[in-house]
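Q: Handing you a structure now.
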Amino acid sequence: MKSHQSVLSRLALVAGTTFVMLTSIAAMAAAATYTWNQTGTASWATSTNWTPTRTTPATSDVMVFNNGATTTATSVPTQTIGQLLVSGGTTVTLDNGATAITLTVGSGIAGTDLSVASGSALNVSASGNAVFTMNIPTGNTGSISGSMTWTAASLATINQFTTVDASGLTINSGGSIKQGQNSTGNLFGTAGSTL
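Numbering (mature numbering (1 follows the signal peptide of the UniProt record, and there is no 0)), first residue to last: -29 to -1, 1 to 166.
Below, the structure written as structure tokens:
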């Protein structure tokens, strides 16, 4: 009887381990990388502005801006993405298209979830008086070696950049985050973010 229970216990352990491994592999396989292919102003929501074509947005998507251009992605929607990576001397401005939105960056993918490399810039521009909020949730991280500037088209727009975890955002030597034209209040939230 003891031998039978031992075999069943081992089988249950193997089945459980296999399930966890397959679930992890499926999650890694589900993360798709999309690279911005525009050099001027174009809509974030237009699937063909990404390579490969981004027809089915997912919370694990890795969004890359690395073409060295100065570009604006308009109509950024409320969305959760896996990672947002800016590099290669690229300057990108994210514009919310006059709609209050929250862009959540980080959904458990390994590595830095928000990254702005040295010599690159990620700017956030709120159209009208619609608030643009960027959030780095629990268990996710951001690293700024380049620059970030938050602006708004209308005076007294309170944009927000929130992190949940202590050390959820690192501003490296040479990196900067600035609150620019018409963006008022505490950029890091009313209670402040933990940086």
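For glycine and all other residues, C-beta sits at the position ideal for the given N, C-alpha and C.
May I ask you to list the residues that DSSP assigns as paired with residue 228?
A: Residue 228 is absent from the structure shown; the chain starts at -29 and stops at 166.
Q: Is A(-3) helix, strand or coil by DSSP?
A: Bear in mind that the predicted position of A(-3) carries a pLDDT of just 45, short of 50, making it too unreliable to give a figure here.
Q: Would you identify the three-state DSSP class for T27, choosing helix, strand or coil?
A: coil
Q: Could you tell me which residues DSSP pairs with N67 in its beta bridges?
A: Note: N67 sits in no beta bridge, so no partner.
Q: Measuring from the CB of V35, is there a heavy atom of the ligand ATP at a distance below 7 angstroms?
A: Of the ligands one can find in the structure shown there are none, so the ligand ATP has no counterpart to examine.
Q: At the level of alpha carbons, what is the spacing between T120 and V57?
A: 14 angstroms
Q: Alpha carbon to alpha carbon, how far is S144 from P48? Give it in angstroms, no decimals.
A: 31 angstroms
Q: So, with DSSP's three-state summary, where would you put N94?
A: strand
Q: Distance, Cα to Cα, T41 vs W7?
A: 12 angstroms
Q: Tell me which residues share the same chain as Q152 and place their Cβ nearer than 8 angstroms to its Cβ, disregarding the 5 neighbours each side in the sequence.
A: T122 and A123
Q: Tell me the rounded alpha-carbon separation between A13 and T45.
A: Between A13 and T45, the C-alpha separation is close to 6 angstroms.
Q: For the beta strand (DSSP E) containing W7, name the first residue and the last one.
A: T4 to W7
Q: Could you tell me if N157 is buried or exposed, where buried requires 16 or more neighbouring beta carbons within 10 angstroms of its beta carbon?
A: exposed
Q: Quick check on S18: does DSSP put it in helix, strand or coil?
A: helix
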